[in-house]
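Student:
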Amino acid sequence: EAGVTQFPSHSVIEKGQTVTLRCDPISGHDNLYWYRRVMGKEIKFLLHFVKESKQDESGMPNNRFLAERTGGTYSTLKVQPAELEDSGVYFCASSQRGLARSYNSPLHFGNGTRLTVT
Amino acid sequence: SQQGEEDPQALSIQEGENATMNCSYKTSINNLQWYRQNSGRGLVHLILIRSNEREKHSGRLRVTLDTSKKSSSLLITASRAADTASYFCAPRRDDKIIFGKGTRLHILP
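Those protein sequences? They're chains G and H, same order as listed. Position in the first sequence counted from 1, then plus 1, gives you the working numbering. For the second sequence, position 69 (counting from the first letter as 1) is numbered 59 according to the working numbering, and the numbering increases by one without interruption.
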């Protein structure tokens, strides 16, 4: 089975520009998570989709960040306009969601998108 | 918070020795998971221990969980160069899985 894929792997943009990150989860995985890691700090939770619905977006930093998951398949995370503090590695992860709402399904991560805002 | 806090932040040991990493958290959980991250890659799931379990083994990995102390430990036995990576504990409460800063493990040849 194909793993979680993220695109692009790297992005360098100037402050004020817009960037869109994409995540393709494992087929059939209803859960999709976005995380961000700033160098030396924790892997910070951003938000969680169940299919196309936002289940929890409590970690989104501000309204410059917009996440979508149209049709419940791939997801995009747009940053507009980008600020210097948005630099970091953005990870996407997916997992199965069974009828019993199993909490024992592990997360499968993509390799991340390294975003540098200059 | 639900976030796991790993200790130590960094650990260097000789190949063949055992490595122990600890994790503390503050809320009730459904389970606790450990992940590994190699440089430039995504996190890889290693092992999951449920809240009603106290110890679990998988190959060279041994995980313990003490819910009364809200702590967990990950033991890697007979370490190898390929074990060099960052290790994260992830307490899970319902749908939320929160990671900490991780432990950077370096295996010396």
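C-beta atoms are modelled at their ideal positions from N, C-alpha and C, and glycine is treated no differently.
(1) Which residues, in chain order, does the stretch 76 to 101 of chain G contribute to contact with chain H at a C-beta distance below 7 Å?
(2) Can you tell me whether G/E15 is buried or exposed, with buried defined as 16 or more other CB within 10 angstroms of its CB?
(3) Roughly how many whole angstroms lie between the Cα atoms of G/V5 and G/N32?
(4) Would you mind telling me which residues of chain H sit closer than 9 Å to G/L108, beta carbon to beta carbon, in chain order?
(5) Quick one: which chain G residues come within Cβ less than 7 Å of H/L38?
(6) Going along the chain, which residues of the stretch 44 to 55 of chain H sit with their C-beta nearer than 9 Å to a C-beta in chain G?
(7) Which residues in the same chain as H/E45 place their Cβ atom closer than 6 Å to its Cβ, once the five residues preceding and following it in sequence are excluded?
(8) Using a 10 Å radius around the Cβ and a threshold of 16 neighbouring Cβ atoms, would you call H/R70 buried or exposed?
(9) Taking 9 Å as the threshold (C-beta atoms), are G/V118 and G/L85 in contact?
(10) Are H/I37 and H/A72 closer than 9 Å when you measure CB to CB?
(11) Let me know if H/D56 comes out buried or exposed under the rule of 16 or more other beta-carbons within 10 Å of its beta-carbon.
(12) Closest Cβ-Cβ distance between H/G90 and chain G: below 9 Å?
(13) Cα separation between G/N145 and H/Y25?
(14) Once the 5 residues before and after G/E113 are set aside, which same chain residues still bring their CB inside 7 Å of it?
(15) Between the beta-carbon of H/T93 and the beta-carbon of H/F78, is there less than 9 Å?
(16) What does H/M11 pair with, by DSSP beta-bridge criteria?
(17) For G/A94, count neighbouring Cβ atoms within 10 angstroms of its own Cβ and tell me buried if that reaches 16, exposed if not.
(18) On the DSSP bridge assignment, give the partners of G/H11 in chain order.
(19) Any beta-carbon of chain G closer than 9 Å to the one on H/N12?
(20) Consider the C-beta atom of H/P(-2) and the heavy atoms of the ligand MN; say whether any pair is separated by less than 8 Å.
(21) Tell me, please, whether the CB atom of H/N42 is closer than 9 Å to any CB atom in chain G?
(22) What three-state label does DSSP hand G/G89 in the structure shown?
(23) Would you call the stretch -1 to 7 of chain H and the stretch 62 to 71 of chain G touching, i.e. three or more CB-CB distances under 8 Å?
(24) Rounded to whole angstroms, what is the Cα-Cα separation between G/M40 and G/E53?
Tutor: Looking at the coordinates:
(1) For the stretch 76 to 101 of chain G, the beta-carbon criterion of a distance under 7 Å to any beta-carbon of chain H is satisfied by F92.
(2) Around the C-beta of G/E15, fewer than 16 other C-beta atoms lie within 10 Å, and the residue is accordingly described as exposed.
(3) Each residue's alpha carbon lies about 12 Å from the other.
(4) Result: Q23, Y25, L33, H35, A80, I87.
(5) In chain order: N105, P107.
(6) Listed by position, the residues of the stretch 44 to 55 of chain H near chain G (Cβ gap below 9 Å) amount to none.
(7) Excluding positions up to five away in sequence, the list reads T54.
(8) By the neighbour-count criterion, in which 16 or more other beta carbons inside 10 Å mark a residue as buried, H/R70 falls on the exposed side.
(9) Yes, the Cβ-Cβ distance between G/L85 and G/V118 is below 9 Å.
(10) One thing to note: H/I37 has its Cβ no nearer than 9 Å to the Cβ of H/A72.
(11) Classification for H/D56: exposed.
(12) Interface residue, yes.
(13) Not covered by the structure: residue 145 of chain G. The range shown for chain G is 2 to 119.
(14) Here residue 113 of chain G is Gly; the residue named in the question, Glu, does not match the sequence. The residues are Q7, V90, Y91, F92.
(15) Taking the C-beta atoms as reference points, H/F78 is found nearer than 9 Å to H/T93.
(16) Beta-bridge pairing links H/M11 to H/L64.
(17) So G/A94 counts as buried.
(18) Paired residue(s): G/R115.
(19) Interface criterion not met: the Cβ of H/N12 is under 9 Å from no Cβ in chain G.
(20) In the structure shown, the ligand MN is absent, as is every other ligand, since no ligand is present at all.
(21) H/N42 does not count as touching chain G.
(22) DSSP places G/G89 in strand when its eight states are reduced to three.
(23) Cβ pair count under 8 Å is below three, so no.
(24) Computed Cα separation, rounded: 30 Å.
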